[in-house]
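Have a look at the structure below, then the notes.
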Amino acid sequence: DHQLDVRGANGDLLGDTKPYEFGDPFQVDLQTTLKNAVMRGGPQVPVRISPQDFEIYRNAHWHLKNYGSWACRFLMPALADETQDRFRSRVMLLFKEMGVDATLALVEALESENTFLKQTAAIVLGNIRDDRAIAALKRLYEDANEKPEVKKYAHEAIQKITNKSSNEWRKAADYYYNL
């Protein structure tokens, strides 16, 4: 199972900050957080920090995620790079966080001649779980000329998206018809 819920460094800090929102990476700008607490509550010892006081750093990961589909074509070569595991993993996580904004670019990657790119695109599509990817993944899975390792990841992705076993799936053409 290729889950992409990886925690850790999310890219270079850019010096740009924003108020913390639930779910943001917790990379606190302590100086601004303390300043916010003092401005809100006045100078007192101890300084009382409230949730609305927290400021976090934005990073390159955050910015790329918010560019969404516009960033996909620049990130796609990283999915095909078999030599940079850590970087590729971060890009896979970024695509997953982009969610449906990345789906069409990843579906297009399934048409590549690069077997490894097709595998990683299928893994990410399975984690995004966008129904629009089913037809292309099913086509790969049904293709008699496709490599077994690509079929394996397409199979896993379809199972994640549909929550059905392979004997319950329709033909690829039927999924295309429903798009």
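First residue of the sequence shown? That's 2 in our numbering, and the numbers climb one at a time after it.
Where a beta carbon is used, it is the ideal one built from N, C-alpha and C, also for glycine.
Predicted model, so just to flag it, every value in this text is computed and none were measured.
Compare the Cα-Cα distances from residue i to each of the options and report the closest residue.
i, options, result
"Ile162", "Asp144, Glu143 and Ile124", "Ile124"
"Lys148", "Asp132, Leu138, Thr116 and Asp54", "Thr116"
"Phe96", "Ser51, Lys153, Leu35 and Ala122", "Ala122"
"Ser70", "Asp132, Pro20 and Val101", "Val101"
Can you find a C-beta in chain C that's less than 8 Å from the C-beta of residue i?
i, result
"Asp82", "The chain labelled as chain C is not found in the depicted structure, where only one protein chain is given."
Expressed to the nearest angstrom, what Euclidean distance is found between the alpha-carbon atoms of residue i and residue j?
i, j, result
"Lys172", "Asn146", "17 Å"
"Glu56", "Arg49", "15 Å"
"Gln4", "Glu112", "Reliability fails at Gln4, whose pLDDT of 49 lies under 50, so the model's placement of it is uncertain and no value is given."
"Ala110", "Ala158", "14 Å"
"Thr33", "Phe27", "14 Å"
"Trp170", "Arg89", "30 Å"
"Tyr176", "Ala136", "5 Å"
Between residue i and residue j, is the Cβ-Cβ spacing less than 8 Å?
i, j, result
"Ala72", "Val108", "no"
"Tyr58", "Thr18", "yes"
"Gln120", "Glu150", "yes"
"Arg140", "Ala106", "no"
"Leu126", "Thr104", "yes"
"Ala38", "Asp54", "yes"
"His156", "Ser166", "no"
Would you give the residue range spanned by the alpha helix (DSSP H) that residue i belongs to?
i, result
"Gly42", "Leu31 to Gly42"
"Phe96", "Asp86 to Met99"
"Lys161", "Pro149 to Thr163"
"Ile181", "The displayed coordinates of the chain run from 2 to 180. Any statement about residue 181 would go beyond what the structure contains."
"Leu80", "Ser70 to Ala81"
Could you check whether the segment 79-92 touches the segment 40-58, counting it as contact only if at least three pairs of C-beta atoms, one from each stretch, sit closer than 8 Å? Taking 8 Å as the limit for Cβ pairs, the verdict is that the segment 40-58 does not touch the segment 79-92.
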